Each structure stands twice: as structure tokens, then as C-alpha cells.
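K.L.:
Residue numbers (this note's numbering), protein chains in the order written: chain A, 1 to 469; chain B, 1 to 469.
2 protein chains.
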Amino acid sequence: MKVVVIGGGAGGLSTASNIRKYDENVEITVITRDEHIAYSPCAIPYVLCGDVDCFENIIMHEPEDYLERNIDVIIQAEVVEVKEAENTIKYHLQEGRNDVEKELKYDYLVIATGGSPFIPPMEGCYLDGVFKIRTIKDGKQIMRWAEKSKKAIVVGAGLIGLEIAFGLKNMGLDVTVTEMLPQIVPRSLDPDMAKIVQNYIEKKGINVILGTPIEKITGETQVEGAIFGDEEEIRTDMVILATGVRPETTMAKMAGCDLGRWAIEVNEKMQTSVPNIYAVGDCVEVYDAITGHNTQSPLGSTAVRQAKIAARNIVGIDAKFNPVLNSMVSQVGNLEFGAVGLTKTSALQNGIKVISGKSKALTKARYYPGAKRIDVKMICDIKGRIIGCQIIAEERVAERVDTMSLAIAQEMTCSELANTEFSYAPPVSMVIDPIILAAEDACAKLQRMHKRKENKKDSNHNISNNLKS
Amino acid sequence: MKVVVIGGGAGGLSTASNIRKYDENVEITVITRDEHIAYSPCAIPYVLCGDVDCFENIIMHEPEDYLERNIDVIIQAEVVEVKEAENTIKYHLQEGRNDVEKELKYDYLVIATGGSPFIPPMEGCYLDGVFKIRTIKDGKQIMRWAEKSKKAIVVGAGLIGLEIAFGLKNMGLDVTVTEMLPQIVPRSLDPDMAKIVQNYIEKKGINVILGTPIEKITGETQVEGAIFGDEEEIRTDMVILATGVRPETTMAKMAGCDLGRWAIEVNEKMQTSVPNIYAVGDCVEVYDAITGHNTQSPLGSTAVRQAKIAARNIVGIDAKFNPVLNSMVSQVGNLEFGAVGLTKTSALQNGIKVISGKSKALTKARYYPGAKRIDVKMICDIKGRIIGCQIIAEERVAERVDTMSLAIAQEMTCSELANTEFSYAPPVSMVIDPIILAAEDACAKLQRMHKRKENKKDSNHNISNNLKS
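(1) Would you call the region 303-317 of chain B and the region 41-59 of chain B touching, i.e. three or more CB-CB distances under 8 angstroms?
(2) Residues of chain A with CB closer than 8 angstroms to the CB of B:Leu299, please, in chain order.
(3) Find the nearest neighbour of B:Thr15 within the set B:Arg312, B:Ile355, B:Thr363, judged by alpha-carbon distance.
(4) Whole-angstrom Cβ separation of B:Gly338 and B:Val397, contact assumed at under 8 angstroms?
(5) Which residues in the same chain as B:Glu250 place their Cβ atom closer than 8 angstroms to its Cβ, once the five residues preceding and following it in sequence are excluded?
(6) Could you compute how far the alpha carbon of B:Cys389 sits from the alpha carbon of B:Asn98?
(7) Since A:Asp174 sits in a beta bridge, which residues does DSSP pair it with?
(8) Do B:Asp107 and B:Met254 count as a contact pair if the criterion is CB distance below 8 angstroms?
(9) Return yes when the Cβ of A:Ile89 is within less than 8 angstroms of the Cβ of A:Val82, no when it is not.
(10) How many whole angstroms separate the CB atoms of B:Gly205 and B:Lys169, which I take to be in contact at a CB cut-off of 8 angstroms?
(11) Taking all protein chains shown into account, do 16 or more other C-beta atoms lie within 10 angstroms of the C-beta of B:Tyr126, making it buried, or fewer, making it exposed?
(12) Starting from the beta carbon of A:Cys414, find every residue of chain B whose beta carbon is closer than 9 angstroms, and list them in chain order.
(13) Which same chain residues, not among the five before or five after A:Met501, have their C-beta less than 8 angstroms away from its C-beta?
(14) Say whether chain A places a C-beta atom closer than 8 angstroms to the C-beta of B:Thr236.
(15) Count the other CB atoms, across all protein chains shown, that sit within 10 Å of the CB of A:Cys414; report buried if there are 16 or more and exposed otherwise.
(16) Under the three-state reduction of DSSP, which class applies to B:Tyr368: helix, strand or coil?
(17) List the residues of chain B whose Cβ lies closer than 8 angstroms to the Cβ of A:Tyr367, in chain order.
(18) Provide the residue(s) that pair with B:Thr413 in DSSP beta bridges, ordered along the chain.
(19) Does the pairing of the region 131-150 of chain B with the region 168-185 of chain B give three or more beta-carbon distances under 8 angstroms?
(20) Do the region 345-358 of chain B and the region 29-37 of chain A meet, that is, are 3 or more Cβ pairs less than 8 angstroms apart?
(21) Near A:Val401, what residues of its chain come up, given a Cβ to Cβ distance below 8 angstroms and the 5 sequence neighbours on each side ignored?
(22) Quick one: using the 10 Å Cβ neighbour count with 16 as the cut-off for buried, is B:Ser188 buried or exposed?
(23) With H, G and I counted as helix, E and B as strand and the rest as coil, what does DSSP make of A:Ser459?
(24) In terms of residues, what are the limits of the beta strand (DSSP E) holding B:Asp51?
(25) Of the choices A:Ile290, A:Thr295, A:Asp174, whose alpha-carbon is the least far from that of A:Ala477?
(26) Tell me whether the beta-carbon of A:Ile111 lies closer than 8 angstroms to the beta-carbon of A:Ala252.
(27) Could you list which residues in chain B have their beta carbon closer than 9 angstroms to that of A:Gly338, in chain order?
(28) By alpha-carbon positions, which one of A:Cys257, A:Asp282, A:Phe321 ends up nearest to A:Glu248?
(29) So which residues of chain B does A:Lys400 contact, with C-beta pairs closer than 7 angstroms?
(30) So A:Val3 and A:Val26 are supposed to be a Cβ contact under 8 angstroms. How far apart are they, rounded?
(31) Tell me which same chain residues have a C-beta within less than 6 angstroms of the C-beta of B:Val266, skipping the five on either side of it?
(32) Which of the three DSSP states, helix, strand or coil, is assigned to A:Val332?
(33) Locate the alpha helix (DSSP H) running through B:Arg312, then write down its first and last residues.
(34) Whole angstroms is fine: what's the gap from A:Pro191's alpha carbon to A:Thr345's?
(35) Would you mind giving the Cβ-Cβ distance between A:Ile386 and A:Leu417, rounded to the nearest angstrom? I have them listed as a contact below 8 angstroms.
(36) Which residue marks the beginning of the alpha helix (DSSP H) containing B:Arg20, and which one marks its end?
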């Protein structure tokens, strides 16, 4: 059996490795246009900020490492055709000075082409000093440019935007983050929680401009400034566009795979509409576990989980990919924030009535030196079922997000969660965990809501009785 | 309504506070023989080790704080009689120089008398320089004695034993921990996991002696040494007995409450056999969620959860205390270790056939500076249901134990857990969480086991076919 994987990122390489794990005999070829494989794009900001020494460190494997496991990796190769009827791809490769065209036959094709940075259509976006951020090459270019710059504007206050902003700030630049929407991290945090993160980054000296879309980038050949809404021009030496990622679906279209609303359509086996073509990672669309709607989940962790499912199905082991909760976490400076499930905002947009339980507590016993403040916001539907959670603190957030991911996936109510057993020791936790406190707050709010409803019913009942009598 | 609570620890005071939260009008009196209330006994070792400045810091409330919430607290009072038929307790109190006897009427009595350190019956255990460890007074005495000592022996290598050993080591003493059983932390860890903790504490310069019970403590009026098994005497300046805690059930017996195998028997409302007497904390016995057997759960977190249940039932809100998983965590030096559910050892003792999934991984992305090693061991029954987990690392253990507590309580299988969504960012986690890796390992082992069984069946089948033919 021959498997060809297009894409050398987390999704593609994990699919290849998993297939090899399950089956020693499959012929596996991974083909990528990139120079590097198996690096962690999420880590690029942390190289900029100096936490990770150099870009080479975030490359986890070289093509030779895969050869040892009998996985063939072809880098800097451009796939130019997918002949679905013949189970063949054509690709171009530089051999010496010649551009050579080659062919590969497959029994199964895996499309793991990821996404491309979205460049908003506007004046000036291709000037020197304007960067997108996706590959190590992008990271290196940003770093070189930043070394000779004083001011930077980061457009887009999502995770990557904030992380890059911190990276550049740590390099000594004067940094402004701008966001079209009236809050930062709009996809994962509600406004009240976003404000906590915003306060933190402002305290660290990063400027934040909200609710104003970028109009144009100014300059002759090189960026000189940017104009937001009808505001005055802000002078800057560089602009980083962290305005999101669009699924890369060119290969899938060539192969005749159906596209959904957002990206490549796959079933729960990660199989496209073409039976022997699978797709994983940022280029596919998934289902939201709460709303049931199709959505995107452009996360490394999602790609890796999808890769396992695709690999199992390709080698004939039945496996299903579950709808997602988009469990995420990020660290900016010392602040960790994470979220899973729906925000209150997204729940309301989906027509789900919710209440939210909140807690402000500490990460250790109150008297324990070094205890950090922690904020938890838990979203429940009006039956008490937990459908989302957001957590912010200077430590111990990621694992709490995972706990909440389990609670949501298991369809727990706030009242069940409030009675769950959490571990305790003064140096590492509070005797009542902040998650439990938020669940208790949600329970109390639900109770008050139901009481108000009953009272209303009673008083309506009384009114109608009075009318009768 | 009048409620009297006997005991000023986590169980007693949380019951009082919760009753007040639900009902403004109940008359509440808390009565304790101790000088201090509302302190955290779990924090005593951390004062010794210097992490927390002084014993006063771990006292979270003074009696006056409770008075503000209209809760009467009587300290240094000895309850001498519970007249169940008359709903009255008698207690003795020092007023000036006089020992005064007083009475209190109650509608509901809450027994939260905790436990007393178990002193093994042996020669020398009442010599000067031999200490138990339970109250702040004990802590202060140990500290004073340790300040003029060079060598210490801690008897018992459970959580408290290890934490105290680290405290004394940090004070500069030469410390030996001894344990009757052949491993440390026998209640919560399997031998292989215990060995990781043991290696750590030995590296930190603490001596460990296993599998040898203490025979006697030597000395005239003051401790001079200790003899273990038939070994030579070990000279020491002090001995700390961390040999466990026995439920304090004197009050319950006086009140005519039924005792179970280990401690006071309560139903799921935390009600004793006497309907208007409730009991919470270390003095009651509970049910194990996995085995269904009655057991003890002498943890501050358990007491606090029981207190909420007792309070709710006393004020007339229905609430049930769930069987326990004994979710625990501890920190010795920089090492955090925790466990929840059954160990492999305890599962086998209970006649449950199990397999275990293990992972050795990191707490951050591999390339991220400061990533610590993490060890996970997950215990599953042969249907794959997770029934226990042990986790050790230099960070981020407690919350992972909580995640596993949820997984076990929700009766998840290793295969369900392996498909669960965890959050990921390079500075705070790995793209595949160590918990997921352990779950995958468990799945693989189960699969191999089932294959072996099938092969055996097949070969038996072939043999019988051969016999037939």
C-alpha cells in the first residue's frame, strides 16, 4: 500500500508517523513546499521574545529522522496536479538548476496543506516591513527587521497577535496591537475576561487600540505608518499582520474533494468526499460539540488528534474524530489564559440562553507565598449544563482548561462539578478549587433565576385568581 | 434553630460558615479544645521548611472573624458530656483561675472532632524529643527542638512524614525517614512510582529506611536514638512520629452514634445514626467510589466538601456526599506528586484485575527551556475503565490529578480519554498531553491482552478441532 501525504506540518507528519506505528509495510511519502518540516509554528513568538534560543531549536525533526522510520520526505516540492482518477500526483522539484516534474502514485492521499495567513486587501500590505507570520522563514524575517526597528504595529489581537506583540516588546520595540473588534482575543474570551488580559499587557507597556479596522499602510517602498479608521496616521517601522489564517484548499479542489462552508469537508473518519483521499489539520472543517455547526479548529493539538484518526482508518482500524470544543491556552509574558467550549458571546449568538459562574481566587493557599490571582468564568445553559469556560492566571491554567474540557465533553452540570473531588495541598492549590467556586456561583445564579421564575408564575397565578374572583 | 459544632478545624468551621451562608437566623456555636481555630494543619511542614514565614500566617481566621458573621466560637473548651436525650452538651472552660462547667442546648449537633495522631505502643515514645504532629502547638514544639538539634528521625513515610522530613532538612538537620512497609507513600503510590519520589528525596540528602518497623526509642529522659527491626541503634536528637491519624470518636460514642469499621458511620447526608447529629471530617468513614467498601479520607478537601453537604441538609436543602476517590497531592522540595482512585496494588488487593498505562514525558514542548520530566501511571480495569492515576513532576501535577478525578468519576475508559481534547501551547504543555500518552499506552496494552486471549482461544479451538478430526 502506498500513502502520499501533502504537507509537512503537525497534521501531515503525525499522520505519517501514526500509519508507520500501526503498519510497518505501508510505503509512505510526505511532500512539502516548505524548507523545514516538523517545526512548531506556535513557538515562533517565543523565539522572538527570547524564551527559546533560536529558530533551529523549534525544528523537532529533520527529513533524515523520518527516513530512519522508512518515511520518505520530499521538501521544497510544489504539487502541481492531483489526478484523482489515476491516483497520481505531479510535483515540481529543483534538482541542481533544473526544475524537474515528477509523479507519485498513491493508494491513499492525505491532504494536510494547513492554512495561509489572511492578508486583508488594502493599500500598502505588500510594502517592505510588512510581515505575515506562519513559517520559520517569516519568523526569521521579522526578527531581522525588528533588530533594526524601534516601533511595531501588530494587526489582530488574537493569540498569535498578542504572542508576537510580547515577543517584539521583549526585543525592545515600542509595540501597538490593534484589533478591529472592540475587545482582544474575541474568539476565545468574553469582553470581561479579555479586559483582564488587556490590563496585563497594557501594564507591560504594550499599547492596545480596539474597535478600529486598519485602513491602509503608508510608505513608498517601505512601511512608514498605518492608518486606522479615520484616526491620524501612526508612524511605525514595521507592521505584522496577525489577521488570521485561511484554509489552504487548492490541492483538495484539484482532487475534486467537496468543500464545506469554511474548508475541506471530511466525515468523522477524516475522509473527504473522495473515498481514498483523507484530509487533516487547518485545511479541514470540523463540527462544534456544543452547537453542532461546522466550524474551524486551527490548532496544532486538533491536527495531531485528527492525524491519529486518519492514520487508523487508512490502515483499517475503525476510529472517529469527535466534534471539537476548541480547547486552547496561551502564554503572554507570565500570564496564562485559556478557554474551552463556547463563550457567553458565542452562546448568545447561537441562540443558547446561558448564565455564567465566576470566581476570583488564588492558585495556592491564601497564606502561601507566591500565590497568584486566578479568574474563572464558567458558562452554563439554563439547565445547568456546562458549555464553556475561560481561565486566566499567572500559573496552572492549561491543566484546568483540560479539566473543564472533560467536564464539558462529559456533559456535566455545574452542580455535579461543584460536588467533584479536587486535590489539595497548600503550596499548589486552594482547599476549594477556583473551578469549584465558579461552579458554585453558577449554581447559585441558576437557583435565583428559577426562584424568580417561580415567583413570577405565582404572581401571575395570583393575578389570574384575582381576576377570576 | 440552634446548631452546636464540636471542632474548630476545616470540617467544623466550614459547616458553620455554610449554614450561615444558607440561613441568617440559625444560632451557631462552634466549640473547640484547641487554642487556635481555622488553621491549616497541612501547612505546618511548610512553616518548618521556611516557605511560609511563621505559624501565625497559617491561621486563616480568629474567633472574632466568626463573630462578625454571627457565629459564636468558644476555644479551649473541653466537651465532657453529650446528653443525646436532652439535646444538650456539657463542657468545661477555664474562666480566670476557675474551671467552669457550662451547658449548651442544640437542635442539631455537628461532630467534627477530627483525628488524633496514632502513637505506636512502644518503649520510649513519651521521651522528651519525641513528637507527634497535628496542631500548631506540635509544630512550634518541633521547631524549637529542631533549632538545637542536628539529627532527626521521622517515623512514617506518608505525605506528612515526607513533608516534615523536608522541613527539617531545610532547617539544616540530618534527616532519616523510616517506613515499616517496603516503599514510601504506600497508601497513594505504587512501588514503581514511589521509587521516583524516593530517588528525588534521597538526592536531596534525606536518608530513607524501608521495610523495617521501629522497635523502640532509646534514651533516659530525652531521646538518644531509635532501633529499627534487629538493626543497630541510630543516634538521633529527635523523633517525629508521622504514623497516621486515628479518628477521634469519643464524642460520637458519648452521643450514642453508631461507629463503623473505621470511624463514625454517616449516611450520604452526613447524618449519624442519631437523626439530629451530623458528623464530618477525619472522624467519619466514607465509601470508596471504586470498591464500594467503607474507608477513610482524612483530607482537608474531603472535610470541606462534607461540611457543605451537612450544612445543606441541616438547613433543609437536600444534598448528598458522593463516595470518594481520595484525590490527593503533595509537594516535597520542588517535586509535586499526586494520586486519585486506586493504585495497582490496592486494586489487586480488592480482587480487581487491572492493566496500567504509563508515560514519561515533559511539562512543556520538548524544545522549551525549563520543561520538567513528568511521570504518569494510569490504572484501568480490563474493560478499560480508568480506576486510578498517579502523577509526579516538578510542576503542574495537582490540576492533572483533578482532570483524572473527573475522568474516573465519570467512569471514562482509557480509549475515551485518549480521544479527549487537551489544550496546547509550547510554554505550558506538550502537543500530546502526558495523560493522553498514558491512556494510549493503556489502550495498547489492553489490545495486546485481548489479542493474546483470542490467540489462546483460537489455538484451543484448533486443538479441539484437531482432536475431533
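Ideal Cβ positions, reconstructed from N, Cα and C, are used throughout, including at glycine. What you are looking at is a predicted structure, and each value in this text was computed from that prediction instead of being measured.
P.N.:
So, to answer that:
(1) Counting Cβ pairs under 8 angstroms, fewer than three are found: no touch.
(2) Simply Tyr424.
(3) Nearest of B:Arg312, B:Ile355, B:Thr363 to B:Thr15, Cα basis: B:Arg312.
(4) At roughly 5 angstroms, the Cβ-Cβ gap stays under 8 angstroms, so B:Gly338 and B:Val397 are in contact.
(5) It should be noted that the sequence gives Thr, not Glu, for residue 250 of chain B. Cβ within range, chain order: Thr113.
(6) Distance from the CA of B:Cys389 to the CA of B:Asn98, rounded to the nearest whole angstrom, comes to 54 angstroms.
(7) According to DSSP, A:Asp174 bridges with A:Lys151.
(8) Not in contact: B:Met254 and B:Asp107 (Cβ atoms no closer than 8 angstroms).
(9) Yes, the pair counts as a contact, with Cβ atoms nearer than the cut-off.
(10) Contact check for B:Gly205 and B:Lys169: beta-carbon distance about 6 angstroms, within the 8 angstroms limit, so the pair qualifies.
(11) Exposed, by the Cβ-count rule.
(12) Neighbourhood of A:Cys414 in chain B, by CB distance below 9 angstroms: empty, with the nearest CB roughly 13 angstroms away.
(13) With chain A represented from 1 up to 469, any question about residue 501 of chain A goes unanswered, as that position is not in the structure.
(14) By this cut-off, B:Thr236 is not an interface position.
(15) A:Cys414 should be labelled buried.
(16) It is coil, neither helix nor strand.
(17) Close to A:Tyr367, with beta-carbon spacing below 8 angstroms, are these residues of chain B in chain order: Ser40, Ala43, Val52, Asn57, Ile58, Met60.
(18) DSSP, once it has assigned bridges, lists B:Arg385 as partnering B:Thr413.
(19) Contact between the region 131-150 of chain B and the region 168-185 of chain B is present: 3 or more CB-CB pairs across the two stretches fall below 8 angstroms.
(20) Because the criterion of three Cβ pairs below 8 angstroms is not met, the region 345-358 of chain B and the region 29-37 of chain A do not touch.
(21) Within the same chain, A:Val401 has close Cβ partners Ser327, Met328, Val329, Gly338, Ala339, Val340, Cys389, Ile391.
(22) Classification of B:Ser188: buried, given that the 10 Å Cβ count is 16 or more.
(23) Looking at A:Ser459 - three-state DSSP - the assignment turns out to be helix.
(24) Looking at the DSSP string, B:Asp51 is not in any beta strand (DSSP E), and its letter there is neither H nor E.
(25) In the structure displayed, chain A extends from 1 to 469; residue 477 of chain A sits before or after that span and is not available.
(26) Yes, they are a contact pair.
(27) By Cβ distance, chain B contributes Ser423, Ala425, Val428.
(28) Measuring from the Cα of A:Glu248, the nearest candidate turns out to be A:Asp282.
(29) In the sequence on display, residue 400 of chain A carries Arg and not Lys. The contacting residues are Glu399.
(30) A:Val26 and A:Val3 do touch by the CB rule: their CB atoms are close to 6 angstroms apart, below 8 angstroms.
(31) Its chain contains Thr272, Ala279, Val284 as the residues whose beta carbon lies nearer than 6 angstroms to that of B:Val266, once the 5 sequence neighbours on both sides are disregarded; these appear in chain order.
(32) DSSP places A:Val332 in strand when its eight states are reduced to three.
(33) For B:Arg312, the enclosing alpha helix (DSSP H) starts and ends at 300-314.
(34) If you take the alpha carbons of A:Pro191 and A:Thr345, they lie about 8 angstroms apart.
(35) Indeed, because the Cβ distance is near 6 angstroms, the residues count as touching under 8 angstroms.
(36) That run of the alpha helix (DSSP H) goes 10-22.
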